[in-house]
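Before any comments, here is the structure.
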């Protein structure tokens, strides 16, 4: 089966080369047909799991689509070349091709396609390079924001913010969260603004900046429905406990369902929050019964999988 597909691929390449030849009766190469034959060859190589040859065929297709001034199809072919690199576990090379394709989508006037490709690239690289994933998600968000598609933009910003928290780049995470909150306010999704305020407070307290955390809550009073809400009361209680070094009060808020079922990265900020000078002894004592039969604390990862924020 594989050998048959490889033979088919070479037949398509031979046809492509024939399309490119010129002579007395044919003055111009037939770029359109050549691109089509290389596309067919690429699929054959891909089906035969000859990913390197498939990549080369896709790049040839892209070359002739560009000559033919069909940039969208050229970009698609380059993106497919990237996917062939992904199949070979060559992620940095895969991302380079996808980013190149995105630039062509932008040049072609199809920014939405560019943003979606950047999002896909972010998902591909996230397991091995969080920094690059943050960069790709932020670029994709920027493209959607320029197109006034704030719902798509804020979703991608949210991915970047969570990864910044995971990377412990908390100063940048606080800035990213503020931008998210501003977008949610613009599209009048106020419940999400409340959640972002909670995340901001946790980040600021981990940064040791009580004043910034308090300011976040005070500024959120202007959001419709925030004052007196469950989110607001929880943050007021948390800040009071933190300020008064009341470890039990801080623990009660941080282990409440409201914070426990946030996105995993923010839930981890909550359970790891320590009161300055408190040492965390009361918190550990209170958490011990939740452990296994031997009294060990329960696994944090399992408790906070599948967060809702």
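Numbering (UniProt numbering), first residue to last: 1 to 309.
Ideal Cβ positions, reconstructed from N, Cα and C, are used throughout, including at glycine.
Since this is a predicted model, take the numbers as computed values, not measurements.
Inset, instruction - Could you pull the start and end residues of the alpha helix (DSSP H) that residue 275 belongs to? - result: Counted from its first residue, the chain shown places residue 275 at position 275. Residue 275 -> no alpha helix (DSSP H), and no H or E assigned at all.
Legend entry - Nearest-angstrom Cβ-Cβ length linking residue 104 and residue 78, presumed shorter than 8 Å: The count along the chain shown starts at 1 and reaches residue 104 at position 104. The count along the chain shown starts at 1 and reaches residue 78 at position 78. Rounded, the Cβ-Cβ distance is 7 Å, consistent with contact.
Legend entry - CA-to-CA distance, residue 45 to residue 86, given in whole angstroms: Start at 1 with the first residue of the chain shown, and residue 86 comes out as number 86. Start at 1 with the first residue of the chain shown, and residue 45 comes out as number 45. The alpha-carbon atoms of residue 86 and residue 45 are separated by roughly 15 Å.
Legend entry - N- and C-terminal bounds of the alpha helix (DSSP H) containing residue 48: If you number the chain shown from 1, residue 48 lands on position 48. Neither: residue 48 is in no alpha helix (DSSP H) and is coded neither H nor E.
Legend entry - Chain-order list of residues whose beta-carbon lies under 8 Å from that of residue 281 (same chain, five-residue window excluded): Within the chain shown, the letter at position 281 stands for residue 281. Reliability fails at residue 281, whose pLDDT of 40 lies under 50, so the model's placement of it is uncertain and no value is given.
Legend entry - Proximal residues to residue 33 (C-beta, below 6 Å), its chain only, five neighbours per side dropped: The residue labelled residue 33 in the question sits at position 33 within the chain shown. The answer, listed in chain order, is 19.
Inset, instruction - Return the first residue and the last residue of the alpha helix (DSSP H) that residue 268 is part of. - result: For this step, residue 268 is matched to residue 268 along the chain shown. Looking at the DSSP string, the run of the alpha helix (DSSP H) that includes residue 268 is 264–271.
Legend entry - Proximity to residue 230 [Cα-Cα], best of 258, 174, 210: Start at 1 with the first residue of the chain shown, and residue 230 comes out as number 230. The candidate whose alpha carbon is nearest that of residue 230 is 258.
Legend entry - Ranges of the alpha helix (DSSP H) found wholly within the stretch 100–188, counting only runs of at least 4: 111–125, 130–146, 150–166, 170–186
Legend entry - Through-space distance from residue 202 to residue 288, alpha-carbon basis: As a position in the chain shown, residue 288 is number 288, starting the count at 1. As a position in the chain shown, residue 202 is number 202, starting the count at 1. In this prediction, residue 288 has a pLDDT of 40, which is less than 50 and means its spatial position is unreliable; nothing more can be read from the coordinates.
Inset, instruction - Keeping to the same chain, check which residues put their C-beta closer than 7 Å to that of residue 134; ignore five residues upstream and five downstream. - result: Against the chain shown, residue 134 aligns to sequence position 134. 160, 163, 164.
Inset, instruction - Give the straight-line distance between the Cα atoms of residue 121 and residue 217, rounded to the nearest whole angstrom. - result: Locating residue 121 in the chain shown gives position 121, where the first residue counts as 1. Locating residue 217 in the chain shown gives position 217, where the first residue counts as 1. Residue 121 and residue 217: Cα-Cα distance of roughly 35 Å.
Inset, instruction - Note down the Cα distance separating residue 267 from residue 206, rounded to an integer number of angstroms. - result: As a working note, residue 267 is residue 267 in the chain shown. As a working note, residue 206 is residue 206 in the chain shown. Their backbone Cα atoms lie some 13 Å apart in a straight line.
Legend entry - Inter-stretch contact (C-beta, 8 Å, three-pair minimum) for the stretch 144–155 and the stretch 166–175: no
Inset, instruction - Report yes or no: do three or more beta-carbon pairs, one from the stretch 224–240 and one from the stretch 188–202, lie closer than 8 Å? - result: yes
Legend entry - DSSP three-state assignment for residue 92, whether helix, strand or coil: On the chain shown, residue 92 is found 92 positions in, with the first residue counted as 1. Residue 92 falls in the helix class under three-state DSSP.
Inset, instruction - Determine the burial state of residue 314: buried for a count of at least 16 other Cβ atoms within 10 Å of its Cβ, exposed for fewer. - result: Residue 314 is absent from the model: the chain starts at 1 and stops at 309.
Legend entry - Cβ-Cβ separation, residue 136 to residue 118 (assumed contact under 8 Å), whole Å: If you number the chain shown from 1, residue 118 lands on position 118. If you number the chain shown from 1, residue 136 lands on position 136. Going by Cβ atoms, the distance from residue 118 to residue 136 rounds to 5 Å, so yes, they are a contact pair.
Inset, instruction - With residue 236 as the anchor, note down where its alpha helix (DSSP H) starts and where it stops. - result: The residue you call residue 236 lines up with position 236 of the chain shown. Element bounds for residue 236: 230–243.
Legend entry - At least 3 beta-carbon pairs within less than 8 Å: the stretch 89–99 vs the stretch 107–115: no
Inset, instruction - In the DSSP assignment, find the unbroken alpha helix (DSSP H) run with residue 1 in it and report its ends. - result: Within the chain shown, the letter at position 1 stands for residue 1. Element bounds for residue 1: n/a, residue is neither H nor E.
Legend entry - Which listed residue (42, 127, 31, 54) has its alpha carbon closest to that of residue 67: Taking the first residue of the chain shown as 1, we reach residue 67 at position 67. Of 42, 127, 31, 54, the residue nearest in Cα terms is 31.
Inset, instruction - Give the secondary structure of residue 29 by DSSP, where H, G and I count as helix, E and B as strand, and everything else as coil. - result: For the purposes of this step, residue 29 is identified with residue 29 of the chain shown, where counting begins at 1. Residue state, collapsed to three classes: coil.
Legend entry - Through-space distance from residue 97 to residue 190, alpha-carbon basis: Residue 190 sits at position 190 when you count from the first residue of the chain shown. Residue 97 sits at position 97 when you count from the first residue of the chain shown. Cα to Cα, the separation comes out at about 39 Å.
Legend entry - residue 42 beta carbon less than 8 Å from that of residue 4: For this step, residue 4 is matched to residue 4 along the chain shown. For this step, residue 42 is matched to residue 42 along the chain shown. Cβ distance not < 8 Å, so residue 4 and residue 42 don't count as in contact.
Legend entry - C-beta contact flag for residue 364 and residue 158 at 8 Å: Because the chain here runs from 1 to 309, residue 364 falls outside it and cannot be looked at.
Inset, instruction - Tell me, to the nearest whole angstrom, how far the beta carbon of residue 273 is from that of residue 250; I am working on the premise that it is less than 8 Å. - result: Locating residue 273 in the chain shown gives position 273, where the first residue counts as 1. Locating residue 250 in the chain shown gives position 250, where the first residue counts as 1. The pair is a contact, with the Cβ atoms about 7 Å apart (cut-off 8 Å).
Inset, instruction - Just the C-alpha distance for residue 182 and residue 37, rounded to the nearest angstrom, thanks. - result: Locating residue 182 in the chain shown gives position 182, where the first residue counts as 1. Locating residue 37 in the chain shown gives position 37, where the first residue counts as 1. Going by the C-alpha atoms only, they are around 49 Å apart.
Inset, instruction - Answer yes or no: do residue 239 and residue 209 have a C-beta to C-beta separation smaller than 8 Å? - result: Position 239 of the chain shown, counted from the first residue, corresponds to residue 239. Position 209 of the chain shown, counted from the first residue, corresponds to residue 209. Cβ distance not < 8 Å, so residue 239 and residue 209 don't count as in contact.
Legend entry - Option nearest residue 83 by Cα separation, candidates 69, 71, 8, 100: Reading the chain shown from its first residue, position 83 is the one you call residue 83. Checked all of 69, 71, 8, 100; the closest Cα to residue 83 is 100.
Inset, instruction - Check residue 210 in the structure and name its three-state DSSP category. - result: Working through the chain shown from its first residue, we reach residue 210 at position 210. Helix, per DSSP.
Inset, instruction - Excluding the 5 residues preceding and the 5 following residue 62 in the sequence, name in chain order all residues of the same chain whose CB lies nearer than 6 Å to its CB. - result: If you number the chain shown from 1, residue 62 lands on position 62. Same-chain partners within the cutoff: 74, 77, 78.
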